[in-house]
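Positions 25 to 147 (my numbering) are the ones given, in order, by the sequence shown.
Note that the Cβ used here is the ideal one computed from N, Cα and C, for glycine as well.
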Amino acid sequence: MKLIQIITAVVCGFSLLACNEGDKEQQDITKKNRTETTNGQVAEIFPQGVPAPTENFTGTVWNTSLVADDSVYTTVAGNLLFEARASTNWHSHPAGQILIVVDGEGRHQIEGQPIEIIKKVML
25 MKLIQIITAV
35 VCGFSLLACN
45 EGDKEQQDIT
55 KKNRTETTNG
65 QVAEIFPQGV
75 PAPTENFTGT
85 VWNTSLVADD
95 SVYTTVAGNL
105 LFEARASTNW
115 HSHPAGQILI
125 VVDGEGRHQI
135 EGQPIEIIKK
145 VML
């Protein structure tokens with residue numbers, strides 16, 4: 025099951041990268057949304073977003089919602105940008121969650137299993 029989730033995340037990532045072509049106006053908008061990563065590369069996939077709710081996060085976290093909430097497909101899709109030493113409160117995602125790490129390192133835990141370190145992987 026874990027392998028299927030990883031493969032799904034990779035396929036989604038490549039699909040998003042393939043959609044990067046557009047007219048000059050769209051390219052100008054994309055340039056405004058660039059985020060410098062810790063190793064000097066530029067992450068252009070998602071804009072920085074808006075500040076995440078302080079009741080759910082510690083430190084500075086930015087949130088970009090990728091799909092609208094609805095009552096049929098209850099999986100939330102969003103991009104979260106955590107600044108250094110920021111974190112989220114312990115919580116669960118009943119409909120599941122896909123994590124795609126584009127820079128840095130984090131930790132996650134599946135209930136009943138040990139904490140795992142997650143980080144960007146070059147494919």
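- Under a 10 Å Cβ-count criterion, V96 is classified as exposed, with fewer than 16 other Cβ atoms of the shown protein chains found around its own Cβ.
- Contact annotation, G102 with S111: C-beta distance approximately 16 Å; criterion of less than 8 Å not satisfied.
- In the DSSP annotation of this structure, the continuous segment of the beta strand (DSSP E) that includes I141 starts and ends at E140 to K143.
- Cα atoms of H115 and F70: separation of roughly 24 Å, rounded to the nearest angstrom.
- DSSP places R131 inside the beta strand (DSSP E), whose first and last residues are E129 to H132.
- Listed as beta-bridge partners of N103 by DSSP are T88.
- Contact between V74 and N87 is confirmed by a C-beta separation of about 6 Å, below the 8 Å threshold.
- When secondary structure is reduced to three states using DSSP, F81 falls in the strand class.
- Of the residues assessed, L123 falls on the exposed side of the cut-off, its CB having fewer than 16 other CB atoms within 10 angstroms.
- Its Cα nearest to that of D127, the residue I141 stands out among E135, I141, A76 and Q121.
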